[in-house]
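Notes for the one structure printed next.
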Amino acid sequence: MLLMKPSCECCNRDLPPDSRDAMICSFECTFCADCVATRVHGKCPNCGGELVRRPIRPVEALRRFPAAPANV
Ligand SMILES: [Zn+2]
Ligand SMILES: [Zn+2]
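Residues in the sequence shown are numbered consecutively from 83, following my numbering.
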């Protein structure tokens, strides 16, 4: 199950579980779409992996499987 980290590791912008701007690598390093496009250029700066859009988690699922708390 994805952790759904709450913010971009690059600019610290909030990325809520229903954000369509969150991008992750296979280790779930998490970045916003802006940073992926302009700062890390589609490649995870931590592990070199591919960054893809994180799927959103619907509200009903969040009730049962909450996202990672803020400031982890
Ligand atoms: Zn960012
Ligand atoms: Zn990574």
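Just so you know, even glycine gets a beta-carbon here, dropped at the ideal spot from N, CA and C.
Assumed close pair residue i, residue j - CB separation to whole angstroms, cut-off 8 Å
{"i": "LEU97", "j": "CYS107", "result": "That belief does not hold up - the Cβ atoms of LEU97 and CYS107 are roughly 14 Å apart, past 8 Å."}
{"i": "PRO99", "j": "ARG139", "result": "4 Å"}
Nearest-angstrom Cα separation, counted from residue j out to residue i
{"i": "ARG136", "j": "ARG102", "result": "7 Å"}
{"i": "GLY124", "j": "PRO148", "result": "27 Å"}
{"i": "ASN94", "j": "LEU144", "result": "22 Å"}
{"i": "VAL118", "j": "ASN128", "result": "13 Å"}
Where the beta strand (DSSP E) containing residue i begins and where it ends
{"i": "CYS114", "result": "112-114"}
{"i": "ALA104", "result": "104-106"}
Start-to-end residues for the alpha helix (DSSP H) that takes in residue i
{"i": "ASN143", "result": "Checking the displayed sequence, the identity of residue 143 turns out to be Ala instead of Asn. Unbroken alpha helix (DSSP H) run through ALA143: 141-146."}
Minimum C-alpha distance to residue i - residue among the options
{"i": "LEU85", "options": "CYS92, CYS93, THR112", "result": "THR112"}
{"i": "ARG121", "options": "PRO151, ALA152, MET83, CYS92", "result": "CYS92"}
Report task. Report yes or no: do three or more beta-carbon pairs, one from the segment 132-143 and one from the segment 102-118, lie closer than 8 Å? Result -> yes
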